[in-house]
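S.K.: In this text, residue positions in the sequence shown follow our numbering: the first is 14, and each later residue adds one. Ideal placement from N, C-alpha and C gives every residue a C-beta, glycine not left out.
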Amino acid sequence: MSSLIELNAENFDTTINKEGLCVVRFWAPWCAPCRMVAPIFNQLSIDMKESATFAEVNIDDNPSIASRYAIRSIPTTVVYKEGMPIDSLVGAASLPNFKDLVLKHL
């Protein structure tokens, strides 16, 4: 079962400021590559649930968050460590690519 957290203005800061890694996927419903990545990111959240917190931000519903972090292209996946963005991956990626993104910061 997925442990993805749906982020919004109320829970974004609290979630990314937790101790450890938080991996956030920025997406929109109209974005075809975002829809393609969704099941892969979901699997990542299952496979690596002990290593990091996994969450998603719908930029259509939360434009202020996307603006604050200068998200210009989607899908964009950002790795946060205790509130600070430390790495990102822009565009669609495979499960091994996503795992590598997380593993290099553990």
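1) Taking only the alpha-carbon atoms, compute the straight-line gap between L20 and P109 and give it to the nearest angstrom.
2) Quick one: what does DSSP say E59 is sitting in, helix, strand or coil?
3) Excluding five sequence neighbours on each side, which residues of the same chain lie with their C-beta closer than 8 Å to the C-beta of C44?
4) Going by alpha carbons, who is nearest to N30 out of G104, K112, L114 and V92?
5) Just tell me which of R38, L17 and A22 has its CA closest to the CA of D100.
M.R.: On the basis of the data shown:
1) 24 Å
2) A small fix is needed here, since residue 59 is Ile in this sequence, not Glu. I59 falls in the helix class under three-state DSSP.
3) I87 and P88
4) V92
5) R38
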